[in-house]
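Below: one structure, written as structure tokens.
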Amino acid sequence: MTEALIVIDVQNDFCPGGALAVPEGDAVVPAINAMMDAFGAVILTQDWHPAGHSSFASSHPGQAPFGTVDMSYGTQVLWPDHCMQGTKGADFHPDLRLNGDLIIRKGFRPAIDSYSAFFENDRSTPTGLSGYLRDRGITRLTLVGLATDFCVAYSALDAARLGFTVAVDLAACRAIDLDGSLAVAMREMTDAGVDLAG
Ligand code: VGL
Ligand code: ZN
116 MTEALIVIDV
126 QNDFCPGGAL
136 AVPEGDAVVP
146 AINAMMDAFG
156 AVILTQDWHP
166 AGHSSFASSH
176 PGQAPFGTVD
186 MSYGTQVLWP
196 DHCMQGTKGA
206 DFHPDLRLNG
216 DLIIRKGFRP
226 AIDSYSAFFE
236 NDRSTPTGLS
246 GYLRDRGITR
256 LTLVGLATDF
266 CVAYSALDAA
276 RLGFTVAVDL
286 AACRAIDLDG
296 SLAVAMREMT
306 DAGVDLAG
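If you count the sequence shown from 1, position 178 lands on 293 in the numbering used here, and the numbers rise without skipping.
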């Protein structure tokens, strides 16, 4: 049976020197490259924001990065401008193998953020990935990439909710850890039945 490797947001802006650098973000690249051949399907996600995206602090006068605002779909963390469409920051890390079957872009709607590979942050607008996986008969997923406590965790929780069998290989993930967000994410993933390997 086909198992998919879902590689979350291994992009320059999430690596050291990038606009929203995750500590040791680039350290996941060799591990992920080495894993790819063991999976029957490899899917890459790419955070892909238009200029002026509503998740950027710069779009909210008087707000600073890492604060929060209330949006129609709930609380949204405000980020530095990052992963803007067509910029070097939005490119995949130059050493990441790009032998994926599918690249799924997310966060392209100006008024809503999308951490998860499956749903935007309203937890209901689909990206289409679930249908793609189901059409290919894929029921088991391993998630890796950046950041453990945001896009990886949201993707893992949505995948579990959708009925996929989900593992997160923590050795091939790195976290932002904003105000305890990593501990919360770990507990939520454990409670959802996600296998936290690595
Ligand atoms: C991410 C914050 C904003 C992530 C993306 O990939 O975890 N985090 N956009
Ligand atoms: Zn983003």
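Positions of the beta carbon are idealized from the N, C-alpha and C atoms, including for glycine.
Residue i vs residue j beta-carbon contact at 8 angstroms
| i | j | result |
| --- | --- | --- |
| residue 125 | residue 260 | yes |
| residue 100 | residue 164 | Any answer about residue 100 is impossible in this case: the structure gives the chain only from 116 up to 313. |
| residue 233 | residue 274 | yes |
| residue 245 | residue 258 | no |
| residue 144 | residue 214 | no |
| residue 177 | residue 193 | no |
| residue 313 | residue 284 | yes |
| residue 102 | residue 227 | Examination of residue 102 is not possible in this model, given that the chain is present from 116 through 313 alone. |
Residue i, buried or exposed, once every other Cβ within 10 Å from all chains shown has been counted against 16
| i | result |
| --- | --- |
| residue 205 | buried |
| residue 116 | exposed |
| residue 211 | buried |
| residue 190 | exposed |
| residue 237 | exposed |
Residue i versus residue j - alpha carbon distance
| i | j | result |
| --- | --- | --- |
| residue 289 | residue 140 | 6 angstroms |
| residue 217 | residue 255 | 16 angstroms |
| residue 166 | residue 240 | 21 angstroms |
| residue 162 | residue 195 | 13 angstroms |
| residue 197 | residue 179 | 14 angstroms |
| residue 267 | residue 281 | 11 angstroms |
Beta carbon shell of the ligand ZN at less than 7 angstroms from a heavy atom: Those residues, listed in chain order, are 162, 164, 170, 194, 197, 198, 222 and 228.
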